[in-house]
Structures are given as structure tokens and as C-alpha cells.
Amino acid sequence: MNDDSDDGVPGPPQPSGARGDGSVRVVGTAHVSAESVDEVEAVIDEERPDVVAVELDEGRYRQMKGETPDDLDPGDLLQGNTVFQFLAYWMLSYVQTRMGDRFDIEPGAEMLAAVEAAEDLGLDVALVDRDIQTTIQRFWARMSLMEKARMVGALAFGVTDPRIAGVAVGVIAGVLLGPAIALFGGAVGITDAILARVTTGALVGVSVGALVSTLAAESDLRSVSGTAGGALVGSVAGSAVFLTGVGVGTVTGFLSPFVVGAVGSLVLGLLVGVGIGLLAALVMGATGIGLASEADVDDLEGFDPAELTDADVVTAMMEEFRQFSPGGAEALIDERDAFIAHQLVSLREAGFSVVAVVGAGHREGIERYLADPASLPPMESLTGTAKSGGVPWGKVIGYGVTVAFLGFFLLLAMAGVRNEQLLTLFAAWFLINGAFAAGLARLAGARWTSAGVGGLVAWMTSINPALAPGWFTGYMELRHLTVNVADIGRLNELLDDETRPVGDILADMLDVPLFKLIVIVAATNIGSIVATVLFGLYVLPQFFGASDASVTQLMLEGARESARILWATARGVLA
């Protein structure tokens, strides 16, 4: 018999019998099938093995037994890629929950039935699956940057209204397009006068839209639907101002040419990006791309759960992942086959008779390894943290920005730029980074103090790839938030409600502490990244001249002066 550890998790079985005389029977189950539960109980009762091995790790065993601690380590949620790994785990957990609701059975019920049957018969239980955190980390690391982008895009258009996804993609594209319009718009006829009209129209449109939305909310006007009505009226007002030019002189007299050009080009970029994104989304909606058809729904309604091969928490989207990323699928499926087979071979060689309860999708791979243990990869290659393959573009870009920032100020100093100018330029860097990071954090729901802390450190973290302003904002928020495992279940419940408007669901999701924390951290980091890009594309050309030629000239002069000093120093040392 095995001795349960003090925390209630089954320990390793005590050796018994002659080594090499054991046996393993693999039972493949459909994780959302009631028939699988009956089959598992019947096989265990019939075989009465020494050990019942289940496709669970310690964490999932605790969760299944209701022993999972509610507390989550906040630090893990704020560091590195852990947030993305958590989102991947949450996505898989959501799929599991939806499948359980669809087939009216708790996913993984056959694993719990196996554990309970073993306990009732006094049999040992062995947890033979790899830790899920290791699996998710290795899955994320094995995916290339393009594969991650493709997966996120497919999920966005697959589970969200294409119009919403299109607008979101358009906003991102618009923010990137804005600086290009500012720098090169003149070549295609976008003059300062046009940018002034766009800026004026945008200011009037936003003001009118906000006013109409507020009045509609206060008077409960059914003819004007809150924010949507305000956006419509604001768009009409802004368009009218752009066409007529009313108020342009007032705005250009009050705002500097730099602000007018920056706002105008950014608004134009957003309009173009959102327009293209919305058009693409409408085409997708009309053609059915990214939407479930009625035939698909009918097929799902008539689906026999017994035909499902594998749908546990890390393999429910097995085939989908394999299409996007062979490396990611290897971490999710193939490596786990080998890991489980290693555990079963060890039990068999120790002389135990074993009934192994695994997902049907793993059965073939496991039995192949059991028949030929020599083909098993080394255990060391299946555990531990995996490193991302290929070029680590995130680190390359991060350290590149750091070197460029330090080199930029050094070259300007060597070119003879006055200290006052350098201090002014640094102040602009500080303020722009702080404003964007703190502003987006506040929009995401952060407290003023939390947003302020993120804004204060944004200038430093944006040039240091080892830090992120979102970490500081997140740690400040954790003084007022308590995150726990129950938040995941709450998020799944909200996403499972198909009767409510998307806006209401999103608002309720932002009330869930775990989701709110992740959104605030992400918004702060995005704000700092956007500020860094806009600083280089907007501020520097305006600071040193009408184009980037003057900036380049100053840097070249600084490089020449640095080379001259180094050469003179070297000659003096060698002389």
C-alpha cells in the first residue's frame, strides 16, 4: 500500500512482488462521457489491481478532491510570460467547462470515479501525469511568435463577434498607422490644414458624443441608446466640422502645431484602421468565415460523447493546436504520452499490476511506449522549463531599445547639444511614458495611486527589458485586491452566458479581481510601449526640426566627435 502524504496527496506505492513481473492495462476514456465512468468502475472492480494510475497531477488531484487552496501567488501573475501562460490555461479550462455543460457531465468525472473506486477497494492510487504548469509553460515556449499571433487571432475571430474583433484589430493598426501619416502624409496630400480640420472635428465629436451620452443616461431616452447614440451623434458633429472647417482657427490658435499634427494624424490612423477592420469583419460575417454555421450547431447537438477521443483540460483543443503549432502540440500531447509511459513502466518493473485510466487520445501513444520502453525519450527531456526556440525577438527588441536610448543621448551630448535641451528631451520622454502608462492603467480600472506608480517608473521600464511598469501597478493594486482560484470559475460562468450583451459581460469580467489585475497590468505595459514608439516617431522630429534629417545629422556629428576623441585617446596611449 502507499502512504498518503500529510497533505492528502497519494504517495508512491510501496514496492511489492518480484521486479519485472508487473502488468499494465490502459483504459482509454472519453472525458465527457457518462459511459466512461461506468467502464472505469467496472474495469477496476474486475481487475482489482495493485495500483490505479490516473491521468492527473497533484494540482488537478487537489482540485478534483476539493482540496485546492484558493490563494494564488500574485507574484507569479505579474512576472514574465506567466500571465500569457495563465491565459492559455484559462482558455483550456473554459473549453473544458463548456464541454461539460454541453454533455451534462463534469469533465474528468471518470478520473474521480477511478480514484474513489480505488479508495473503496483499498487500492493504491498513482498520479502519473506531468504538472500542468510545466505543460503549459513548455507549450507556450515551443510556439513561435507567428504561431502565438495566429492562435490568438483564430480564437478572437472564432469565439467573438467578428465585428468586435475587427474593430479591436483596427484600433491597434490605427495607432501604428498614425505616426506614418505624421511623417509621410504630406507625400500623399495630407497637409497641415487637413490635420487641423481632423483635430478640430475629433475634439468636437468627442465632446458632443460625451454630452449626448450623459444626457441620454440621465433622462433615460430610449430613442438614443447611451454610448452608441452618443458615438453616432458625435461622429456626425465631428464630420460636419471637418467638412465646413468651423472652429479650426480657434483650435490651431490654442494648441501648438505639434499637438495639432499629432492628434490629427493619430485620429486619421484610427479612422483608417477601424474602417478597414470593420469592413473585413462585415465581409467575414456575410461569408460566414469565423462564425459557426447552423449545420455546425446541429452536428454538435447530435454529437455522441462516446465518440469524443480526448477532451481533458490540456488536450481539449489538441487538433486545433497541432494545426497551428507542431511544437506546441508536442508539449501538450506527445511529451505527456512519454511522461505517463515512464511512470507506468516504472510501476510495472516494480512488480505492480496496474490499471491506468487515461484519455483515449493518449492511449495509442502510451501503449506504443509500453510495448517498446527503449524508445522512450529520457525523462530529463520531458521535465523542467523549456526555452523558446528560434530568435528571442522580445529580448532582442527590448535590449535594442535600451542600447538605442542610451546611445541616442550619448551621441547628442557628443554633438554639442546643450544640457538644457537634453533635460527638456528627457522630461518629454518621462512625461509621455508616464501619461500613456498611467492613463491606460486608469482606463483599465486601476486606482489613481496604482496608475501613478506605474506612470512614474514607465520611463525607466520602457528601456529595461527586465522590468515592466505593469508589475509596479499590479503590486499596488494587490493591496486592495484578493485573487483566488474561484475567480477562474466565475470568469467561465460569465463567458458561458450567451444571452447577455458583450458589453455587460465585459463589465462584469472587469469586476472579477483576477481578470481586473491582468487587464490593468497589460494596459500599463501597452501604454509604455505605445509611448516609446510615439516618442521616436512624433516627438523627436518635432523637437529637432520638421523632419528626422536634423536628428540624424546631430547623431552623425556625435558619432564623428566620439570617434575623434577615441582616436586621439588611443594615439595618446600608444605614443
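Letter by letter, the sequence shown follows residues 298 to 872 in the working numbering.
In this text, a Cβ means the ideal position worked out from N, Cα and C, and glycines have one as well.
- Taking each of Met-806, Val-780, Asp-426 and Asn-781 in turn and checking the Cα distance to Leu-792, the smallest one comes out for Met-806.
- The continuous beta strand (DSSP E) containing Ser-320 extends over residues 320 to 326.
- About 10 Å separates the Cβ atoms of Ile-637 and Asp-354, ruling out a contact at the 8 Å cut-off.
- Around the beta carbon of Pro-346, a 10 Å sphere encloses 16 or more other beta carbons of the protein chains shown; the residue is thus reported as buried.
- Residue state for Asn-761 is assigned as coil, using DSSP reduced to three classes.
- By alpha-carbon distance to Glu-332, the top candidate from Met-408, Ser-622, Val-348 and Leu-667 is Met-408.
- Annotation: the continuous beta strand (DSSP E) that includes Gly-656 extends over 650 to 656.
- With a contact defined as Cβ atoms closer than 8 Å, Leu-641 and Val-321 qualify at about 5 Å.
- The straight-line gap separating the alpha-carbon atoms of Gly-419 and Asp-794 is approximately 42 Å.
- As for any alpha helix (DSSP H) of minimum length 4 sitting wholly inside the region 797 to 827, the runs are 799 to 806, ordered along the chain.
- The straight-line gap separating the alpha-carbon atoms of Gly-625 and Val-501 is approximately 49 Å.
- Annotation for Val-642: the continuous alpha helix (DSSP H) segment containing it runs 632 to 646.
- By the criterion of a C-beta distance shorter than 7 Å, Met-773 is surrounded in its chain by Thr-746, Ser-747 and Val-750, once the five residues flanking it on both sides are discounted.
- Each residue's CA atom was taken as its position, placing Arg-797 and Gly-486 some 45 Å apart.
- For Gln-360, the closest alpha carbon among the candidates Pro-675, Gly-786 and Ala-860 is that of Gly-786.
- Three or more beta-carbon pairs drawn from the region 528 to 538 and the region 497 to 512 are found closer than 8 Å, and the two stretches are therefore classed as touching.
- DSSP lists Ala-350 as the beta-bridge partner residues of Ala-423.
- As the crow flies, the alpha-carbon of Ile-802 is around 10 Å from that of Glu-790.
- By alpha-carbon distance to Ile-433, the top candidate from Ile-630, Gly-697 and Ala-657 is Ile-630.
- In its chain, beyond the 5 residues on either side, Asn-730, Gly-731, Ala-734, Pro-766 and Ser-825 have a beta carbon closer than 6 Å to the beta carbon of Ala-755.
- By alpha-carbon distance to Arg-357, the top candidate from Gly-319, Val-334 and Gly-405 is Gly-405.
- Here DSSP, grouped into helix, strand and coil, assigns Leu-673 to coil.
- Rounded to the nearest whole angstrom, the C-alpha separation of Ala-559 and Ile-760 is 23 Å.
- Counting along the chain, no alpha helix (DSSP H) covers Pro-307, and no H or E run does either.
- Exclusion of the five residues before and after Leu-740 leaves Ala-820 as the residues of its chain whose Cβ lies within less than 8 Å of its Cβ.
- Apart from the 5 residues on each side of it in sequence, Ala-528 sits with its Cβ closer than 6 Å to the Cβ of Gly-506 in its chain, given in chain order.
- For Met-408, the enclosing alpha helix (DSSP H) covers residues 406 to 417.
- With a cutoff of 8 Å on beta-carbon distance, Leu-709 and Leu-719 are scored as near each other.
- Secondary structure of Thr-699 (DSSP, three-state): helix.
- Phe-832: not part of any alpha helix (DSSP H); DSSP gives it neither H nor E.
- Between Trp-437 and the set Asp-428, Phe-769, Ser-622 and Leu-837, the nearest pair of CA atoms involves Ser-622.
- Between Val-348 and Leu-644, the beta carbon gap of about 6 Å places them in contact (Cβ cut-off 8 Å).
- About 6 Å separates the beta carbons of Gly-325 and Val-655, which is inside the 8 Å limit, making them a contact pair.
- Counting only the Cα atoms, Ile-478 lies some 18 Å from Phe-539.
- Beta-carbon to beta-carbon, Ile-817 and Ala-743 are separated by about 5 Å, close enough to satisfy the 8 Å threshold.
- According to the DSSP assignment, Ile-487 belongs to no alpha helix (DSSP H), since it is labelled neither H nor E.
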